[in-house]
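Peer 1: Numbering (our numbering), first residue to last: 3 to 84. Glycine included, every Cβ here is placed at the ideal spot set by N, Cα and C. As the structure is a computational prediction, the values presented were derived from the model and not from experiment.
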Amino acid sequence: MQKLINIVALLSGLTSLAVIGGGVYLYKNADVLMEDARKKVTAAAVEAVSGALPKMIDAATPELPKVTGPAMPTTTGSAIPF
3 MQKLINIVAL
13 LSGLTSLAVI
23 GGGVYLYKNA
33 DVLMEDARKK
43 VTAAAVEAVS
53 GALPKMIDAA
63 TPELPKVTGP
73 AMPTTTGSAI
83 PF
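(1) Hey, quick one: how far does the alpha helix (DSSP H) through P72 stretch, first residue to last?
(2) Tell me the residue span of the alpha helix (DSSP H) that contains P64.
(3) With DSSP run on the structure shown, which of helix, strand or coil describes S3?
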């Protein structure tokens with residue numbers, strides 16, 4: 003029974019050391035990890051927008067007419083009524 007208690011205590015101690023070691027690692031490297039994640043997210047966002055933007059612009063712009071009317075409407079008589 004004592005051997006089982008010793009094994010549980012040893013595993014508990016190793017788990018505590020692993021949690022503390024992981025916390026220290028994250029504390030020391032937080033800036034590097036955040037900058038790396040920021041670069042990856044930015045690159046993915048730029049790629050997604052640059053791929054979708056031309057399609058969105060094509061869908062949003064109306065088709066231009068082939069023939070248009072005169073530059074100014076033609077009227078007969080006086081253009082300004084008095």
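Peer 2: According to the structure data:
(1) P72 -> no alpha helix (DSSP H), and no H or E assigned at all.
(2) Segment: none, P64 is in no alpha helix (DSSP H) and carries neither H nor E.
(3) In the sequence on display, residue 3 carries Met and not Ser. The answer is coil: DSSP assigns M3 none of H, G, I, E or B.
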